[in-house]
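Okay, so here's the structure we're looking at.
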Amino acid sequence: MKDSYRYAKVVEWSDEDQCFVGTCPGLLHGGCHGSDEREVFAELCVIAEETLALYRSEGRPLPPPTAGRDLESRRVGAT
-15 MKDSYRYAKV
-5 VEWSDEDQCF
5 VGTCPGLLHG
15 GCHGSDEREV
25 FAELCVIAEE
35 TLALYRSEGR
45 PLPPPTAGRD
55 LESRRVGAT
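Mapping the sequence shown onto this note's numbering, position 51 (from 1) lands on 35, and the numbers just tick up by one.
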């Protein structure tokens, strides 16, 4: 199993941007975007793997896994 499977990935439509936006809360800031939901998810998975590889190459500890957790409470501005 890839380590990136331990991190939740969210792809949602953005009315403001008029495209799909992919994020990986708790692992990386920012994300990716595009017009095809599946392509955005695939790109997000690659970005997550690359981010984890960067953590390892710099000798940094990995962030706590987010898969299976309540992400709503972690969102910026959530009450």
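Here a beta-carbon is modelled for each residue, glycine too, at the ideal position from N, C-alpha and C.
Take the alpha-carbon of Cys29 and the one of His13: they are about 14 Å apart. According to the DSSP assignment, Cys29 belongs to the alpha helix (DSSP H) that extends over Glu21 to Ser41.
Glu0 is bridged by DSSP to nothing; it lacks a bridge partner. Between Asp(-13) and Phe4, the C-beta gap is not smaller than 9 Å, which leaves the two residues out of contact. Its Cα nearest to that of Glu0, the residue His17 stands out among His17, Cys8, Tyr(-11) and Arg44.
Cβ-Cβ separation between Pro47 and Leu11: approximately 6 Å, consistent with a contact (criterion under 8 Å). DSSP places Cys16 in the uninterrupted beta strand (DSSP E) bounded by Gly15 to Gly18.
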